[in-house]
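Per my numbering, residue 6 is the first one in the sequence shown, and the count goes up by one each step.
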Amino acid sequence: MNNPIQVTQPSLPSFQEYTDEIQGLWDSKWLTNMGEKHKKLELELMNFLNTPNISLFSNGHLALENAIAALELTGEVITTPLTFASTTHAIIRSGLNPIFCDINCDDYTIEVEQIESLITENTSAILPVHVYGNICNFSEINRIAKKYNLKVIYDAAHAFGITVDGVNVANLGDASMFSFHATKVFNTIEGGAVTYKNSNLTKILNALKNFGITEFESVDYVGGNAKMNEFQAAMGLCNLRNIKTEIQKREKVYERYVVNLSGVKGIKLPSIQRGVKSNYAYFPVIFENVSRDAIDFELRKHNIFPRKYFYPLTPRFQYYHKRYNSLHIPNAEYISERVLTLPLFANLTIEEVDQICSIIIAEIKVLR
Ligand SMILES: *Cc1c(COP(=O)(O)O)cnc(C)c1O
6 MNNPIQVTQP
16 SLPSFQEYTD
26 EIQGLWDSKW
36 LTNMGEKHKK
46 LELELMNFLN
56 TPNISLFSNG
66 HLALENAIAA
76 LELTGEVITT
86 PLTFASTTHA
96 IIRSGLNPIF
106 CDINCDDYTI
116 EVEQIESLIT
126 ENTSAILPVH
136 VYGNICNFSE
146 INRIAKKYNL
156 KVIYDAAHAF
166 GITVDGVNVA
176 NLGDASMFSF
186 HATKVFNTIE
196 GGAVTYKNSN
206 LTKILNALKN
216 FGITEFESVD
226 YVGGNAKMNE
236 FQAAMGLCNL
246 RNIKTEIQKR
256 EKVYERYVVN
266 LSGVKGIKLP
276 SIQRGVKSNY
286 AYFPVIFENV
296 SRDAIDFELR
306 KHNIFPRKYF
316 YPLTPRFQYY
326 HKRYNSLHIP
336 NAEYISERVL
346 TLPLFANLTI
356 EEVDQICSII
366 IAEIKVLR
């Protein structure tokens, strides 16, 4: 049997490049608490993302929770059910009520036509997700947010490095959260960031991740601990040096899937939105009239491990079942029951893509 092919594989610099990057830490003895590597990575990311404000975190989830705290959200937050557990949990763990808006079936992002009908006097924000790297209809979301005086935080965990009409997505809304988890396009092992519009947020975001400490002997917020350490930041500095080639390699894999699977009946392939420069993070395929689970089973038999991102929908988690059992989100249900995210990472070979595709095509013939 071949080596297993997972849905993703972390991008890593050479061992030498990383050890060169961390060597100085043995001299400085400064391992965390906003050290040299941390400061350098912040500057380089601001440059790469072409954005004026950034705060680094130990992971994307805590970046999101702290963005919610810094923007002082209250009451209800309109969000999407087709996402990773983190988005919904972050809202609820912050003592807020997620209000689930359905998705659209074109790009699987929040259905902007439905947002206004969900707004009440308790709504404080919209928290959409650029799911699979598909960018939300931000101009419409902006218009609604302005009209009702709402904040907008994007879960941009899938959207690192993406630009829309030349503008980096880090600049959309009041704030955006990025995840630098090992499995994401850009990784710091674990890690994350918040980019934000209002530079007045710098003080609170930086304090919240460090116990609320603002200055020596001065604690101004009830903060926790969510600091990115120097070893994480060093991995980020290395991976950022190589990000362009990593994304180019992903693009080749993505394009090969498109060539191999175009025109196959019964499946819908992802497509890149107009004006968007993609990061080729994911390849979600919708199996419309063949069983997604049968395809998944067949691939697994061949030691290939796609994932059902995102099934179940977050409000359908066992834990939330009673709370949301009457929720009506037909588009999200439709996609969640049919989606299979195929393996995609920089070092996946063309031969492996071909192998994955021929298994899928053969199985579709058997099933129809
Ligand atoms: C990965 C991810 C997160 C959480 O990020 P971590 O860095 O793993 O904490 C949040 N939202 C989405 C959509 C994600 O894919």
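For each residue, glycine too, the CB sits at the ideal point set by N, CA and C.
- Annotation: the continuous beta strand (DSSP E) that includes Ser184 extends over 180-184.
- Under DSSP, Val290 forms a beta bridge with Leu345.
- With fewer than 16 other CB atoms across the displayed protein chains lying within 10 angstroms of its CB, Val227 is exposed.
- In this structure, the beta-carbon distance from Ile334 to Phe89 does not fall below 8 Å.
- Under the DSSP assignment, Ser363 falls in the alpha helix (DSSP H) whose first and last residues are 355-372.
- Between the stretch 56-74 and the stretch 90-98 there are three or more C-beta pairs closer than 8 Å, enough to call the two in contact.
- The beta carbon of Ser184 sits closer than 7 Å to at least one heavy atom of ligand 1.
- If you ignore the 5 residues before and after Leu349, its C-beta comes within less than 8 Å of the C-beta of Val12, Thr13, Arg255, Val258, Tyr259, Tyr262, Tyr285, Ala286, Tyr287, Phe288, all in its own chain and listed in chain order.
- Close CB contacts of Leu76 within its chain, under the 8 Å cut and outside five residues either way in sequence, are with Ala130, Lys156, Ile158, Asp179, Ala180, Leu206 (chain order).
- Using a C-beta cut-off of 8 Å, the stretch 184-199 makes contact with the stretch 234-248, since at least three inter-stretch Cβ pairs fall below that distance.
- When distances are taken from the beta-carbon of Lys214 to the heavy atoms of ligand 1, even the shortest one reaches 7 Å or more.
- Around Asn211, the same chain offers Ser60 as residues with beta carbons nearer than 7 Å, after the five sequence neighbours per side are excluded.
- With 16 or more neighbouring CB atoms inside 10 Å of its own CB, Asn192 falls in the buried class.
- Taking each of Glu368, Glu26, Thr128 in turn and checking the Cα distance to Glu81, the smallest one comes out for Thr128.
- In chain order, Glu303, Leu304, His307, Ile309 place their CB closer than 8 Å to the CB of Ile364, counting only its own chain and leaving out the 5 sequence neighbours on each side.
- For Ala162, same chain residues with a beta-carbon under 6 Å away, outside a window of 5 residues either side, are Gly65, Ser184 in chain order.
- If only uninterrupted beta strand (DSSP E) runs of at least 3 residues are considered, those enclosed by the stretch 90-176 are 102-105, 128-132, 156-160.
- Annotated three-state conformation of Lys189 is coil, per DSSP.
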